[in-house]
């Protein structure tokens, strides 16, 4: 079945109709650790856990209300976003159950002594059991932002311990409202049946009250103090051998052509790196290679080239430097572009086979960053037309823009 997309409430409610027997609802909140008040790193993560602690909120009625309909949930918190994901059997009465839970969350009624203490204990345990992993990530984010961002979404153990009941309630009231969240349904239930139940409504406009409170905009001189390559060497928490290359650029919104240009550039760059490594002594040791982007804030946005090896030695730094130079100077031809387009076209022809998770990745990038949605048959017709318009000149211009600053390299072993 081709997914059908409907929008309501100024795009705050999206309904994707498919033929799955299970309903998945995703609540997207435009707030994460980047919006936390000073001294309260971890409140966004704590709120996420409390929102998913409905089993303890209604423990006496849990078996009947939630377990019987196979109600499950998960979530995550990032720098500027929180995502809550719920799944349950596709029956209209279950939409009512979800609607009541959503109202309980948005009204902060979900915050009780039990849910607060349980969730606080959960994330403190996470801080302890994954301490080396979080410290490794903290060193990386501090390094690539030149000490401008030091907090992590998981939170600071010391600050989490000092959080109070009212900190959580204030955070929910500031950010968990229809001015600041989006709701995405994936379901076989008709949209006209869902709308009267959910009834999205706007509240006071408090969006981004703390936006970038701790993530300051600073000049590019501070980000790139010189034109030399910068290197950080760390111990990997899982004993892996990785090389990560970061290029910083402030984020700019993209239209469909620029988004496709970025996708093609990532495919071409990956191919360039693979061919470069094939000619080195590390050709038999490359386990994994990916090209992606990392969004911390509108100012701190990065193109990321990540490699994992089964073996490295002290010459790995030379390899990383060589890759950076190769990416900037590699000869990109029309043939390279044509081959890259061929790798996207099969996906376009079978887009209706995309999983809900893949569809949500696309929709969430639209909600959080304003990027274009492309999940329906009509969207993909537009893509095919625009793909024909993209030239090698567009790819070269994008490369020159994204790679113009000096690179920051992280080697973990």
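Residue numbers (the numbering used here): 977 to 1389.
Glycine included, each C-beta is placed from N, C-alpha and C at the ideal position.
Between the Cα of residue 1368 and those of 1311, 1018, 1231, spot the shortest distance and give me the residue it belongs to. Here residue 1368 is taken as the residue at index 392 of the chain shown, counted from 1. It is 1311 whose Cα lies nearest to the Cα of residue 1368.
Opening and closing residue of the beta strand (DSSP E) in which residue 993 lies: In the chain shown, the residue the question calls residue 993 occupies position 17. Looking at the DSSP string, the run of the beta strand (DSSP E) that includes residue 993 is 989-993.
I need the straight-line Cα distance from residue 1158 to residue 1347, nearest angstrom please. Within the chain shown, residue 1158 is the residue found at index 182, counting from 1. Within the chain shown, residue 1347 is the residue found at index 371, counting from 1. If I take the Cα positions, the gap works out to 15 Å.
Can you tell me whether residue 989 is buried or exposed, with buried defined as 16 or more other CB within 10 angstroms of its CB? Locating residue 989 in the chain shown gives position 13, where the first residue counts as 1. Label assigned to residue 989: buried.
If we ignore side chains and look at the alpha-carbon of each, how far apart do residue 1202 and residue 1219 end up? Indexing the chain shown from 1 puts residue 1202 at position 226. Indexing the chain shown from 1 puts residue 1219 at position 243. In this prediction, residue 1202 has a pLDDT of 47, which is less than 50 and means its spatial position is unreliable; nothing more can be read from the coordinates.
Determine the direct distance from the alpha carbon of residue 1164 to that of residue 1068, and round the result to whole angstroms. Position 92 of the chain shown, counting from 1, holds the residue named residue 1068. Position 188 of the chain shown, counting from 1, holds the residue named residue 1164. Taking the straight line joining both Cα atoms gives about 10 Å.
Would you give the residue range spanned by the alpha helix (DSSP H) that residue 1259 belongs to? Taking the chain shown and counting its residues from 1, the one referred to as residue 1259 is at position 283. No alpha helix (DSSP H) contains residue 1259, which DSSP labels as neither H nor E.
Let's see if you can read the secondary structure: which residues bound the beta strand (DSSP E) around residue 1335? One-based indexing of the chain shown puts residue 1335 at position 359. That residue, residue 1335, is in no beta strand (DSSP E); its alpha helix (DSSP H) goes 1332-1345.
Less than 7 Å between C-beta atoms, sequence neighbours within five positions excluded: which residues of the same chain meet that for residue 1092? Here residue 1092 corresponds to residue number 116 of the chain shown, with the count starting at 1. Cβ within range, chain order: 1026, 1141, 1144.
What is the DSSP secondary structure of residue 1010, reduced to helix, strand or coil? Locating residue 1010 in the chain shown gives position 34, counting from the first residue. If DSSP states are grouped into helix, strand and coil, residue 1010 belongs with the helices.
Proximity of residue 1343 and residue 1004 at Cβ, strictly below 7 Å: The residue you call residue 1343 lines up with position 367 of the chain shown. The residue you call residue 1004 lines up with position 28 of the chain shown. Yes. Within cutoff.
With three or more C-beta pairs closer than 8 Å as the rule, is the region 1119-1130 touching the region 1016-1023? yes
Beta-carbon gap between residue 1120 and residue 1275 smaller than 7 Å: Position 144 of the chain shown, counted from the start, is the residue given in the question as residue 1120. Position 299 of the chain shown, counted from the start, is the residue given in the question as residue 1275. Not closer than 7 Å, so no.
Meets three-Cβ-pair contact criterion under 8 Å: the region 1254-1273 and the region 1284-1297: yes
Indicate the three-state DSSP secondary structure (helix, strand or coil) for residue 1266 in the structure shown. Working through the chain shown from its first residue, we reach residue 1266 at position 290. Strand.
Contact set for residue 1385: own chain, Cβ-Cβ below 8 Å, skip 5 residues either direction: In the chain shown, counting from the first residue as 1, residue 1385 sits at position 409. 1205, 1206, 1207, 1208, 1219, 1220, 1221, 1222, 1293, 1296, 1297, 1300.
From 1289, 1378, 1237, pick the residue whose C-alpha is nearest to that of residue 1257; which is it? If you number the chain shown from 1, residue 1257 lands on position 281. Among 1289, 1378, 1237, the Cα nearest to that of residue 1257 is on 1289.
Kindly identify the DSSP beta-bridge partner or partners of residue 1224. For the purposes of this step, residue 1224 is taken as residue 248 along the chain shown, with counting starting at 1. BP columns for residue 1224 point to 1278.
Which one or two residues does DSSP pair with residue 1052 in a beta bridge? The residue given as residue 1052 occupies position 76 in the chain shown. Paired residues: 1059.
Whole angstroms is fine: what's the gap from residue 1365's alpha carbon to residue 1236's? Against the chain shown, residue 1365 aligns to sequence position 389. Against the chain shown, residue 1236 aligns to sequence position 260. Approximately 11 Å, taken between the alpha carbons.
From residue 1136 to residue 1104, what does the alpha carbon distance come to, in whole angstroms? Translated into the one-based positions of the chain shown, residue 1136 becomes position 160. Translated into the one-based positions of the chain shown, residue 1104 becomes position 128. Taking the straight line joining both Cα atoms gives about 12 Å.
Could you give the residue range of the alpha helix (DSSP H) that holds residue 1363? By one-based count along the chain shown, residue 1363 stands at place 387. Where residue 1363 is concerned, the enclosing alpha helix (DSSP H) stretches over 1353-1365.
Considering only the alpha carbon of each residue, which of 1123, 1253, 1168 lies closest to residue 993? The count along the chain shown starts at 1 and reaches residue 993 at position 17. Among 1123, 1253, 1168, the Cα nearest to that of residue 993 is on 1168.
Taking the alpha carbon of residue 999 as the reference point, which residue from 1252, 1161, 1050 has its own alpha carbon closest? Locating residue 999 in the chain shown gives position 23, counting from the first residue. The shortest C-alpha separation from residue 999 is found at 1161.
Assuming residue 1384 is part of the alpha helix (DSSP H), what are its boundary residues? On the chain shown, position 408 is the one that residue 1384 refers to. From DSSP, residue 1384 is part of no alpha helix (DSSP H) but of the beta strand (DSSP E) over 1384-1388.
Below 8 Å on the Cβ atoms is my contact criterion, and I expect residue 1073 with residue 1041 to pass it. Report the Cβ-Cβ distance as a whole number of Å. Locating residue 1073 in the chain shown gives position 97, counting from the first residue. Locating residue 1041 in the chain shown gives position 65, counting from the first residue. Indeed, because the Cβ distance is near 6 Å, the residues count as touching under 8 Å.
Let me check one thing: in DSSP terms, what residues is residue 1285 bridge-paired to? Taking the first residue of the chain shown as position 1, residue 1285 is located at position 309. Beta-bridge pairing links residue 1285 to 1217, 1262.
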